[in-house]
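Chemist: The following block contains the structure, expressed as C-alpha cells.
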Amino acid sequence: MPIQVGDKNGKMSTSAVLDGVLYAIAQGADVVNVSLGMQLGPIAQFLPIPLQRNIIANNFLAEQRVWERIFDMADAKNVTFVLSGGNDNVLIGIDPMKRSPKTIRVSAVQPDRYKAYFSNYGDYSTLSAPGVEIYNATPHNNYDFLEGTSMASPIVAGGVALLKSKNRNYTTKQVAEILEQTGLSSLSDVGPIVNFANALKGKRTGGNETGCEDVTARYQELLRELEDLRRNYPDCIQEPDTLLFLWMQNWTTYMGYG
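Residue numbers for the sequence shown follow numbering that gives the first Met the number 0, so the first one is 0 and each next one is one higher.
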C-alpha cells in the first residue's frame with residue numbers, strides 16, 4: 000500500500016507525514032516502512048558524542064511526545080513501524096521520530112559487515128541491513144544503484160512481513176527480538192544484521208557472533224602493511240611502538256568505536 004506524503008517538488012511537511020502514518024494505521028497495515036526523517040547536514044557528524052546524547056535527552060521533546068502517541072496507537076493495533084535510521088553519521092535518536100522503543104530503527108551496513116560511512120548508529124539502532132549499492136526503482140520508470148538507510152529499512156520491513164505471515168500475532172517487540180537473536184553482529188556500533196533464513200527457521204545466534212575470521216584476516220593484513228612500511232622506508236620508522244599505537248588508534252576508529 001504506497002502512501003504519498005511528498006508534494007510535486009518532493010517536499011514533505013510534518014502534517015503530511017503524520018496524515019500518511021495515521022492513514023496506514025487506519026487501513027489495517029501490519030507493517031509500515033518509513034524511509035524518511037530529519038536531515039541534519041554534514042556538520043552534525045562532528046558533534047561530540049556527549050553533546051549528541053544531550054540533544055537526544057533534552058531537545059525536540061514536544062515532537063517526541065507526538066510520535067510516541069502515534070506509535071502507542073500503532074502498538075495497540077499491533078502495527079509494526081520500521082524506520083530508516085538516517086544518513087548523517089550521527090546517533091540515531093537526535094531525530095525525535097526515532098526514539099520510541101515501540102518501533103524498529105534500521106542502520107545500513109556494507110558487504111563487509113561494517114557500518115556504511117553515512118549511516119546513523121548507536122544504542123537506538125535496533126537492526127541493520129544492506130544499504131550500499133542496492134538496485135532500486137527511481138522516478139520516471141527507471142532503476143539505479145542507490146545507497147542509504149532508506150534502502151536498508153525496506154529490506155527489514157519485508158523480513159518483518161515474512162515473520163508476520165507465519166504468525167500475525169507477533170508484536171513489534173517479539174519480531175525485533177527474533178531478528179536480533181537470529182542476526183549477525185556488525186563490526187560497528189549498529190544493531191545486528193538481519194538474517195531472515197535464520198529468523199524463519201528459528202536459528203538463534205544471540206546476535207553476538209564475533210566475526211573472528213574477518214577480524215583475524217584484517218589483523219594479518221595490517222601486520223603485512225606494517226612490515227612493508229618497515230622494509231620499504233627504514234629511515235622513517237624510528238619508533239615502531241609509536242607507529243603501532245597510531246595504527247591501533249586508526250583501527251578502533253575504523254571499527255566504529257573511535
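By construction, the Cβ of each residue, glycine as well, lies at the ideal position given by its N, Cα and C atoms.
Where does residue 228 fall in DSSP's three states?
Modeler: Of the three classes helix, strand and coil, the one that applies to residue 228 here is helix, per DSSP.
Chemist: What residue does the alpha helix (DSSP H) around residue 195 start on, and which one ends it?
Modeler: Note, residue 195: alpha helix (DSSP H), 195–200.
Chemist: I think residue 178 touches residue 198, with their Cβ atoms under 8 Å apart; what is that distance to the nearest whole Å?
Modeler: At roughly 6 Å, the Cβ-Cβ gap stays under 8 Å, so residue 178 and residue 198 are in contact.
Chemist: Report, in whole angstroms, the separation of the C-beta atoms of residue 16 and residue 35, which I expect to be a contact under 8 Å.
Modeler: Going by Cβ atoms, the distance from residue 16 to residue 35 rounds to 7 Å, so yes, they are a contact pair.
Chemist: Taking the alpha-carbon positions, what's the residue 200 to residue 232 distance?
Modeler: So the two alpha carbons sit approximately 53 Å from each other.
Chemist: Quick one, are the C-beta atoms of residue 102 and residue 130 less than 9 Å apart?
Modeler: It is not a contact, given that the beta carbons lie outside the stated cut-off.
Chemist: Let me know the secondary structure DSSP gives residue 143 once reduced to three states.
Modeler: Note: residue 143 maps to strand in three-state DSSP.
Chemist: Is the distance from the Cβ of residue 154 to the Cβ of residue 128 below 9 Å?
Modeler: Result yes, Cβ atoms of residue 154 and residue 128 sit closer than 9 Å.
Chemist: Going straight from the alpha carbon of residue 23 to that of residue 187, what length do you get?
Modeler: Near 33 Å, if we compare the C-alpha coordinates of residue 187 and residue 23.
Chemist: Apply the 10 Å Cβ neighbour rule to residue 104 and answer buried if 16 or more other Cβ atoms are within range, or exposed otherwise.
Modeler: Burial call: buried.
Chemist: Using the rule of at least 16 other Cβ atoms within 10 Å of the residue's Cβ for burial, across every protein chain shown, is residue 170 buried or exposed?
Modeler: Counting Cβ neighbours within 10 Å, residue 170 comes out exposed, since fewer than 16 surround it.
Chemist: Check whether the Cβ atoms of residue 29 and residue 172 lie closer than 9 Å to each other.
Modeler: It is not a contact, given that the beta carbons lie outside the stated cut-off.
Chemist: Counting pairs of Cβ atoms below 8 Å between the segment 114–127 and the segment 68–75, do you hit three or more?
Modeler: As far as the Cβ criterion goes, the segment 114–127 does not touch the segment 68–75, which means the pair count is below three.
Chemist: Classify residue 35 as helix, strand or coil using the three-state DSSP reduction.
Modeler: Here residue 35 sits in coil by DSSP.
Chemist: Classify residue 98: buried if its beta carbon has 16 or more other beta carbons within 10 angstroms, exposed otherwise.
Modeler: Per the 10 Å Cβ criterion, buried.
Chemist: Beta-carbon within less than 8 Å of residue 141's beta-carbon, same chain only, minus the 5 sequence neighbours each way: which residues are those?
Modeler: Nothing listed; no residue qualifies.
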